[in-house]
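Residue 586 in our numbering sits at position 72 of the sequence shown, with consecutive numbering throughout.
Glycine included, each C-beta is placed from N, C-alpha and C at the ideal position.
Data block below; observations after.
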Amino acid sequence: MDKKVAGLLNEQINKELYSAYLYLDMANFYDSKGLDGFANWYEIQAREEQDHAMLIYKFLHNNGETVTLEAVAKPDKVFQALGDPLAAAHEHEQYVTSLINTIYAAAQAVNDFRTLQFLDWFVKEQGEEEKNSADLITKMELFGSDAKGLYMLNSELGGRVYSAPSLQL
515 MDKKVAGLLN EQINKELYSA YLYLDMANFY DSKGLDGFAN WYEIQAREEQ
565 DHAMLIYKFL HNNGETVTLE AVAKPDKVFQ ALGDPLAAAH EHEQYVTSLI
615 NTIYAAAQAV NDFRTLQFLD WFVKEQGEEE KNSADLITKM ELFGSDAKGL
665 YMLNSELGGR VYSAPSLQL
């Protein structure tokens, strides 16, 4: 595997673990506001990000690469309003998409077709993540200022269940 591509993938493990930590912080914020459904949504997001890190970890190992784990940064966002985590999550997903695109471009530049095939799943996943985060913002804007609407939205988010990714390595 090309060293630049391997290095970017190794860095992405840390970025995915940071994402998990960030989403856990968002869940913590919503728990403190009594919105257990929102907290559930972000707890599941955190688990998904951990899964993404492990997928990359296994991919690197399966391709003879050594993984170097670095410290995970503490989330630095301060949330005040109920919509703040939603906006921060959407911005973060756009950032993660840019990271995946950078790795994809590096793999494409060296004709690393195995890595490109692996990353195809992440490209699709990021499209879904950006749509989900944008949809949450829209729903909060539509219903969040009404107590009954917020209750219903919280209930909807509380119904989300964890589903492990189905990517085969």
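- In the three-state reduction of the DSSP assignment, A602 falls in the helix class.
- T629 counts as buried, since at least 16 other C-beta atoms from the protein chains shown sit within 10 angstroms of its C-beta.
- If you draw a straight line from the Cα of V592 to the Cα of K529, it comes to about 19 Å.
- One thing to note: I651 has its Cβ within 8 Å of the Cβ of L600.
- Counted as a single uninterrupted DSSP element, the stretch harbouring E579 is not any alpha helix (DSSP H), since DSSP gives it neither H nor E.
- Distance from the CA atom of G521 to the CA atom of L574, rounded to whole angstroms, is 10 Å.
- Looking at D565, Y676, S647, the one whose alpha-carbon comes closest to that of W635 is D565.
- The criterion of a C-beta distance shorter than 8 Å is not satisfied by Y537 and E579.
- Spatial neighbours of Y676 in its own chain (CB-CB distance under 7 Å, excluding positions within 5 residues in sequence) are listed in chain order as I558, R561.
- Nearest C-alpha to L633 among A621, L671, G663: A621.
- One alpha carbon belongs to D539, the other to Q640, and they sit about 20 Å apart.
- Taking the Cα positions, N576 is about 22 Å away from T616.
- If you check the CB distance, D545 and V624 do not come in under 8 Å.
- The three-state secondary structure of D649, taken from DSSP, is helix.
- In the DSSP annotation of this structure, M515 is not part of any alpha helix (DSSP H), being labelled neither H nor E.
- Here R628 carries a helix assignment [DSSP, helix/strand/coil].
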